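Accompanying notes for the structure given below.
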Amino acid sequence: MGRHDDELDDFGRFAEPALLILISLADGSKHGYAMTDDIEQVSGVRFGPGTLYGAITRLEGRGLIQRLDSDDRRNPYKLTALGEKALRARLASLQAVARVGQRRLASA
Amino acid sequence: MTWILRLYPRPWRRRYGDEVAALLQGRGFSLRIAVDLIAGAIDVWLHPGVTLAAASAASPSTNEEEKTMLSRVLRLDCARTADSGISRADAWKAGATTILVTLALTLAWMALVVRFPRNDVVEALSSLPFFVGLLASMRYTYLKGRAVVVQATFIAMSVIVIAALLTAAGLIASAI
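Protein chains in written order, with this note's numbering: chain A, 11 to 118; chain B, 5 to 180.
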């Protein structure tokens, strides 16, 4: 099994928006507006359209999300199998870091 | 605010323009969103390969025209940096000039929007700051090594022509 937790490493300033987009799409496909609302509810951060679509462009290019056809102007996006693996790996990595931080705080 | 999307390259607009326009629909002017969109446009211009990768991943068979154009842009970009004697420092200077001039003139243009709201001519000039920034940066790239007079004349004439065209477009829009 290959490593997937480094898929977002070279996203630069789009790494955090990209992770939140993957989390937003984890429970089903969404279009840009729904993603923005969902991310705001989850994290308290509301991304501007330039940031949101900068991250979407990169995620789509890596094959981590896929655009679905729609009659509407607002195309929904869904998580791909690769995107799901990358999200699981990144969340596991964050959990490991959080556990270390909490353990150190507890013993301080 | 959809006029800001004109700053994005055409292949990107073809792919995401409608979606972002739908996202902006009904919103009033917001400085935060305007700055976010302008920064996004600069990012897309600086990283054309990202849009190419998205177009390729999305539909290997239906975006041939888009991919061909972006491939040409990338090849031209590589050829230019390899053959023209443009150093890394020149490339940084050109990038910084484009960004700083664009931001400074965009702020000036925003002041005009506040002073003259819903003015078609002012709105038509929205993309002028980016063009001026891009042209100003050319003294470190395409115009490198030319006499200062030649550089200044080329940049000034280009700015005048583009400003005249945009103003004409604004006047036509206000007359319709």
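Just so it is clear, CB atoms sit at the ideal spot from N, CA and C, and this is done for glycine as well. In this text, all values refer to a predicted model and were calculated from it rather than measured experimentally.
If we call anything under 7 Å between Cβ atoms a contact, is residue i one with residue j?
| i | j | result |
| --- | --- | --- |
| valine 54/B | threonine 90/A | no |
| glutamate 127/B | tryptophan 7/B | yes |
| leucine 32/A | leucine 78/A | no |
| isoleucine 75/A | glycine 58/A | no |
| glycine 44/B | glycine 42/A | no |
| tyrosine 12/B | valine 48/B | yes |
| glycine 137/B | valine 163/B | no |
| alanine 26/B | arginine 84/A | yes |
| serine 131/B | arginine 14/B | no |
| phenylalanine 135/B | isoleucine 166/B | yes |
| leucine 170/B | leucine 129/B | yes |
| glycine 71/A | alanine 58/B | yes |
Taking 8 Å as the limit between beta carbons, can you name the residues of its chain near residue i, skipping five residues before and five after?
| i | result |
| --- | --- |
| glycine 99/B | Leu50 and Ser141 |
| leucine 35/B | Met114 |
| arginine 109/A | none |
| aspartate 124/B | Gly174, Leu175, Ala177 and Ser178 |
| isoleucine 103/B | Ile46 and Gly137 |
| methionine 45/A | Ile31, Ser34, Leu35, Leu62 and Tyr87 |
| lysine 97/B | Ser141 and Tyr144 |
| proline 121/B | none |
| alanine 25/A | Leu18 and Asp19 |
| arginine 113/A | none |
| alanine 112/B | Pro133 |
Which partner residues does residue i have in the DSSP bridge list?
| i | result |
| --- | --- |
| arginine 77/A | Tyr87/A |
| lysine 40/A | Tyr87/A |
Might you give, ordered along the chain, the residues of its own chain that have their beta carbon closer than 6 Å to the beta carbon of residue i, omitting 5 neighbours on each side?
| i | result |
| --- | --- |
| threonine 61/A | Pro27 |
| aspartate 87/B | Because the pLDDT at aspartate 87/B is just 47, under 50, the model does not fix this residue reliably, and the point stays unresolved. |
| phenylalanine 21/A | Ala28 and Arg68 |
So residue i and residue j are supposed to be a Cβ contact under 8 Å. How far apart are they, rounded?
| i | j | result |
| --- | --- | --- |
| lysine 88/A | leucine 35/A | 6 Å |
| threonine 101/B | tyrosine 144/B | 7 Å |
Looking only at its chain, what residues have a beta carbon closer than 7 Å to the beta carbon of residue i, apart from the 5 residues adjacent to it on each side?
| i | result |
| --- | --- |
| leucine 116/B | Val126 |
| aspartate 48/A | Ser34 and Lys40 |
| leucine 28/B | Met5 and Thr6 |
| leucine 139/B | Ile159, Ser162 and Val163 |
Is it the case that the CB of residue i approaches a heavy atom of the ligand SAH more closely than 6 Å?
| i | result |
| --- | --- |
| alanine 160/B | Within the structure as shown, the ligand SAH is missing, as the structure has no ligands at all. |
Contiguous alpha helix (DSSP H) assignments of at least 4 residues, all confined to the stretch 101-169 of chain B: Every alpha helix (DSSP H) stretch that sits fully inside the stretch 101-169 of chain B and reaches 4 residues is listed by chain position as 124-128 and 132-141.
List in chain order: all unbroken beta strand (DSSP E) runs of 3+ residues lying wholly within the stretch 17-69 of chain B. The stretch 17-69 of chain B contains no whole beta strand (DSSP E) run of 3 or more residues.
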